[in-house]
Amino acid sequence: MWRTALIIFLSCILFIGCTSGDTWQHPSGYDRKRLGEDAKECKAYARAMTNEQRKTFRVPAGTPHGGVAEAFVIFIMFQDAFMECMNMRGWVYTEPNKRKPVQRSMFNVQGLKTDT
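Take any residue in the sequence shown, count from 1 to its spot, add 177: that is its number in this note's numbering.
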């Protein structure tokens, strides 16, 4: 009982903590409406691919916590299929919080910005 509650609690913390401002961008500058349409189609594609792959992947019966392991593997398969579909449509997954590398030069040895 306690173990299950602890797993659920930690899962919620991880999912909330891992939420970030990462976004999808398209080189052609497509808007949010197009992103929504493509994401919806890619989710359907990922579900179909996951259901197809699910037929070949099974955790052996009697494996301790086999259901959790199987759910995790299915989630990873779904994510991979979704990312693949979005990349095929030209969308690029970006991390806005990631710092851009600073160009270093002979005059800018420490990597600090020289233009102010």
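For each residue, glycine too, the CB sits at the ideal point set by N, CA and C.
Query - R209 to N228 span [Cα, whole Å] - result: 28 Å
Query raised in the report: Hey, how far is the Cα of Q202 from the Cα of P241?
Result: 41 Å
Query raised in the report: Going straight from the alpha carbon of E214 to that of Y270, what length do you get?
Result: 16 Å
Report task. Compute the Euclidean distance between the alpha carbons of P180 and Q256, then round it to the nearest angstrom. Result -> For clarity, residue 180 is Arg in the given sequence; the question names Pro instead. Answer to the nearest angstrom: the Cα atoms are 27 Å apart.
Requested in this report: Using alpha carbons as the reference points, say which of M254, F186, L183 and N264 lies closest to A223.
Outcome: M254
Requested in this report: Find out if the Cβ-Cβ distance for the pair F259, K232 is shorter than 8 Å.
Outcome: no
Query raised in the report: Which stretch, first to last residue, makes up the beta strand (DSSP E) that contains Y270?
Result: V269 to T271
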